[in-house]
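Reading through the structure tokens given below for one structure.
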Amino acid sequence: MATEKSFPLSTPQLRAVARLFGVLAEPSRLALLQTLQSGPRSVTDLVESTGMKQANVSKHLAVLLHHRLVERERQGSTVFYSIADPMIFPLCRLVCGKMERDAAAAAALFRPVRPPRAPSASTKRPPAAQRSR
């Protein structure tokens, strides 16, 4: 079982964490990770699943591979990519949970206020000029 790293982190450690978050800050990479969650896929499968161009899929897979978020395995002439470290999914769920809480708080804050009711014809007072006559 992994233990939690206590803070404070050193400057080099903070830079390493920032680099990892930078890798995850790209929506196309998140889409690839999400697709790979269901199991190993070839580049062709990933292109079809994500709608991305083959060159972009390959470029983003290279970044994910470099940062050890995915791994690859050759089977004959086909290379399959899979998740190298499943810890990425609990991390994504934590971020999504925060976004849901923030969205709920913002929605509550900006919930439309019910406008005041217009007075009915029987409760309207005549204009001041008509009352004094």
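Numbering follows my numbering, in which position 47 of the sequence shown is assigned residue number 48; successive positions increment by one, without gaps.
We treat Cβ as the ideally placed atom computed from N, Cα and C, and that holds for glycine.
| Item | Value |
| --- | --- |
| Between which two residues does the beta strand (DSSP E) containing F8 stretch? | First-last for F8: undefined, no H or E at that position. |
| Please state if the CB of V58 and the CB of V71 are separated by a distance shorter than 8 Å. | no |
| Return the CA-CA distance between C97 and A119, expressed in angstroms with no decimal places. | 43 Å |
| Using only the alpha-carbon positions, how far apart do M2 and I84 sit? | Any reading at M2 needs caution, since the residue's pLDDT is 44, under 50, leaving its predicted position unreliable; the model's value is listed next. C-alpha separation (whole angstroms): 19 Å. |
| Tell me the residue span of the alpha helix (DSSP H) that contains R112. | Element bounds for R112: n/a, residue is neither H nor E. |
| Terminal residues of the continuous alpha helix (DSSP H) containing R30? | 28-37 |
| Report the option in A17, V114, Q35 whose CA atom is closest to the CA atom of H141. | There is no way to answer for residue 141, as the model of the chain reaches only from 2 to 134. |
| Helix, strand or coil for S83? Go by DSSP, reduced to three states. | strand |
| Tell me which same chain residues have a C-beta within less than 6 Å of the C-beta of P87, skipping the five on either side of it? | none |
| Taking just the CA atoms, how far does R112 sit from V137? | With the chain covering only 2 through 134, there is no way to say anything about residue 137. |
| Quick check on this structure: which residue in L95, R20, S50, E27 has the alpha carbon closest to the alpha carbon of K60? | E27 |
| Taking the alpha-carbon of T36 as reference, which of P9, F90, A63 has the nearest alpha-carbon? | F90 |
| Quick check on this structure: which residue in Q55, R115, Q14 has the alpha carbon closest to the alpha carbon of S29? | Q55 |
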